[in-house]
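Accompanying notes for the structure given below.
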Amino acid sequence: MFQFNVGRINARFLKNNVQQFQQSFRNSHGHWNYRVSAPETDQPKFVPIAAECVAGFMWWWILWHLWTEPGHVTGEFDYPIAKEWTDAELGIPEE
Numbered sequence: 506m507f508q509f510n511v512g513r514i515n516a517r518f519l520k521n522n523v524q525q526f527q528q529s530f531r532n533s534h535g536h537w538n539y540r541v542s543a544p545e546t547d548q549p550k551f552v553p554i555a556a557e558c559v560a561g562f563m564w565w566w567i568l569w570h571l572w573t574e575p576g577h578v579t580g581e582f583d584y585p586i587a588k589e590w591t592d593a594e595l596g597i598p599e600e
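Numbering follows my numbering, with no gaps: position 18 of the sequence shown is 523.
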């Protein structure tokens, strides 16, 4: 019933979209690190060691205070005593 000429349609489509299939080129300078390790830098050796020490101290500080003072995160509320609740507070109808 309907016959399409796929070759003609594809040729027309590709002719208009040639620009997107051309290989791109880089307009920048410096190192690239796509799927490879980061480029070498000129920083002294103590900089990454100091950064690791500061990060380790930061995580120790956070985890230590979460462990020893959880009230800062969860709030400092008194634990409710269930025996002191009334039937009205619990939603129990009167007999």
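Where is the CB? At the ideal position from N, CA and C, for every residue including glycine.
Bounds of any alpha helix (DSSP H) do not take in G596, whose DSSP letter is neither H nor E.
Distance from V578 to L568 at the Cβ level is roughly 12 Å; contact not present, criterion being Cβ atoms closer than 8 Å. In the structure shown, W564 adopts helical secondary structure according to DSSP, grouped into three states. Residues of the same chain with a CB within less than 6 Å of the CB of P553, apart from the 5 flanking positions on each side, do not exist.
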